[in-house]
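Notes follow once the structure below has been shown.
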Ligand code: VGL
Ligand code: ZN
């Protein structure tokens, strides 16, 4: 067996200097199979430019996701789907402003502008998504007194959306997570997917974050610790 030092020596310093590490190791090495599913998280008008909780550069994930989705036989999308006057809205907590926090029975809750209210245009999936084969849309956050960043478990830590059961019944072993926002719904979904026993990849360039009070760095650190793999869309082989 060659160790890393021997491989590097064999490549030679000249060749090594000429090649970027990505060119050596990264090109489209992951092939989604029938036991893989793409989870497209919350690509909804409210999180896109002009939306009430617009994520910076949020629209840039759409073409990346559309292209990547061609590699997947199984695609599930999620929709943040809140009641009017939802507990996560700053507008229902007197004296509170968006991005402040409040202590709720299930823990600390970041407060948001009103967003993704059931049945509104803001809650609709982006019309620019083009994933006709998508098999399931999971709505979440529909209990008035409980938020749900995760597509698997509500913020009380115990109420299931049913997604883990669905994926297991479909014999899915690996999930690839993309969408909005990296540091909230994407990260919480990825962490719960690990807890439910799936192999988990987050596709970094197919996500964008909100980044409030260090949330983006914390999310990546938590995901790394949980064994979530951080990849780029170019790592996924799109042709069959
Ligand atoms: C999200 C904040 C509030 C998300 C949803 O989709 O990441 N963030 N609701
Ligand atoms: Zn929400």
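In mature numbering (1 follows the signal peptide of the UniProt record, and there is no 0), the protein residues as written are -26 to -1, 1 to 214. Built from N, CA and C at the ideal position, the CB exists for glycine as well. Remember, predicted model here, so these are calculated numbers, not experimental data.
If I follow the unbroken beta strand (DSSP E) through residue 168, where does it start and stop? As a first step, residue 168 must be located in the chain shown, where it is residue number 194. Not the beta strand (DSSP E): residue 168 falls in the alpha helix (DSSP H), residues 161 to 169.
Going residue by residue through the stretch 12 to 51, where are the continuous alpha helix (DSSP H) segments of at least 4 residues, counting only ones entirely within it? Correct list: 35 to 43.
Let me have the residue list for the ligand ZN: C-beta closer than 7 angstroms to any non-hydrogen atom, ordered along the chain. Counting only heavy atoms of the ligand ZN, the residues whose C-beta sits closer than 7 angstroms to one of them are, along the chain, 54, 56, 62, 86, 89, 90, 115, 121.
Candidates 161, 158, 151, 202, of which the one nearest residue 48 by Cα: As a working note, residue 48 is residue 74 in the chain shown. The shortest CA-to-CA distance from residue 48 to any of 161, 158, 151, 202 is the one to 151.
Report yes if the C-beta of residue 184 is less than 7 angstroms from at least one heavy atom of the ligand VGL; otherwise report no. Residue 184 sits at position 210 when you count from the first residue of the chain shown. Residue 184: yes, Cβ under 7 angstroms from the ligand VGL.
For residue 83, I'd like the list of residues in its chain whose CB is within less than 8 angstroms of its CB, leaving aside the five on either flank, ordered along the chain. Translated into the one-based positions of the chain shown, residue 83 becomes position 109. Closer than 8 angstroms at the Cβ level, and outside the excluded window around residue 83, lie 61, 62, 75, 76, 77, 121, 129.
Near residue -26, which residues of its chain fall below 8 angstroms by C-beta distance, leaving aside the five closest residues on each side in sequence? For this step, residue -26 is matched to residue 1 along the chain shown. Any reading at residue -26 must be qualified, since the residue scores a pLDDT of 49, below 50, and its modelled position is unreliable; the value itself is stated next. The answer is none, since no qualifying residue turns up.
Is the distance from the Cβ of residue 166 to the Cβ of residue 126 below 8 angstroms? As a first step, residue 166 must be located in the chain shown, where it is residue number 192. As a first step, residue 126 must be located in the chain shown, where it is residue number 152. Cβ atoms of residue 166 and residue 126: closer than 8 angstroms.
Residue 196, enclosing alpha helix (DSSP H) - first and last residue: Position 222 of the chain shown holds residue 196. Following the DSSP letters along the chain, one finds residue 196 inside the alpha helix (DSSP H) bounded by residues 189 to 199.
Ignore the nearest five residues each way along the sequence and tell me which others in residue -16's own chain have a CB closer than 6 angstroms to its CB. Here residue -16 refers to the residue found at position 11 when the chain shown is read from its first residue. The predicted model places residue -16 with a pLDDT of 49, which falls under 50 and marks its position as unreliable, so this point remains unresolved.
Beta carbon of residue 159: closer than 7 angstroms to some heavy atom of the ligand VGL? Position 185 of the chain shown, counted from the first residue, corresponds to residue 159. Yes, the ligand VGL has a heavy atom inside 7 angstroms of this Cβ.
Residue(s) in a DSSP beta bridge with residue 117: Taking the chain shown and counting its residues from 1, the one referred to as residue 117 is at position 143. BP columns for residue 117 are empty, so no partner.
Would you call residue 33 buried or exposed, if buried means 16 or more other Cβ atoms sit within 10 Å of its Cβ? On the chain shown, residue 33 is found 59 positions in, with the first residue counted as 1. Flag for residue 33 reads buried.
Can you find a heavy atom of the ligand VGL that lies under 7 angstroms from the Cβ of residue 110? Numbered from its first residue, the chain shown carries residue 110 at position 136. No, the beta carbon of residue 110 sits no closer than 7 angstroms to any heavy atom of the ligand VGL.
Would you give the residue range spanned by the beta strand (DSSP E) that residue 101 belongs to? Start at 1 with the first residue of the chain shown, and residue 101 comes out as number 127. Counting along the chain, residue 101 falls outside any beta strand (DSSP E), and DSSP gives it neither H nor E.
Beta-carbon gap between residue 64 and residue 72 smaller than 8 angstroms: Taking the first residue of the chain shown as position 1, residue 64 is located at position 90. Taking the first residue of the chain shown as position 1, residue 72 is located at position 98. Yes, they are a contact pair.
Apart from the five residues on each side of it in sequence, which residues of its chain come closer than 8 angstroms, Cβ to Cβ, to residue 28? Translated into positions along the chain shown, residue 28 becomes position 54. Closer than 8 angstroms at Cβ, skipping near neighbours: 20, 21, 22.
Given that a residue counts as buried once 16 or more other Cβ atoms are within 10 Å of its Cβ, and exposed if not, what is residue 6? For the purposes of this step, residue 6 is taken as the residue at position 32 of the chain shown. Around the Cβ of residue 6, a 10 Å sphere holds 16 or more other Cβ atoms; the residue is buried.
Beta-carbon gap between residue 217 and residue 163 smaller than 8 angstroms: Residue 217 cannot be examined here, being either before or after the span of the chain that is shown, -26 to 214.
Residue 212 beta carbon less than 8 angstroms from that of residue 176: As a first step, residue 176 is located in the chain shown; it is residue number 202 there, counting from the start. As a first step, residue 212 is located in the chain shown; it is residue number 238 there, counting from the start. No, the pair does not count as a contact, with Cβ atoms beyond the cut-off.
Give the single residue among 138, 159, 45, 85 whose Cα lies nearest to the Cα of residue 106. Position 132 of the chain shown, counted from the start, is the residue given in the question as residue 106. Minimum Cα distance to residue 106 is reached at 45.
The ligand VGL heavy atoms versus the CB of residue 179: any closer than 7 angstroms? On the chain shown, position 205 is the one that residue 179 refers to. It does not: the Cβ of residue 179 is nowhere closer than 7 angstroms to a heavy atom of the ligand VGL.
Using CA coordinates, which residue listed in 95, 186, 67 is at the minimum distance from residue 225? The question about residue 225 has no answer here: the residues shown for the chain are numbered -26 through 214.
Straight-line CA distance for residue 36 to residue 160? To locate residue 36, count along the chain shown from 1; it is residue 62. To locate residue 160, count along the chain shown from 1; it is residue 186. Taking the CA atoms as reference points, residue 36 sits about 15 angstroms from residue 160.
Alpha carbon to alpha carbon, how far is residue 140 from residue 208? Give it in angstroms, no decimals. Along the chain shown, one-based indexing puts residue 208 at 234. Along the chain shown, one-based indexing puts residue 140 at 166. Cα to Cα, the separation comes out at about 28 angstroms.
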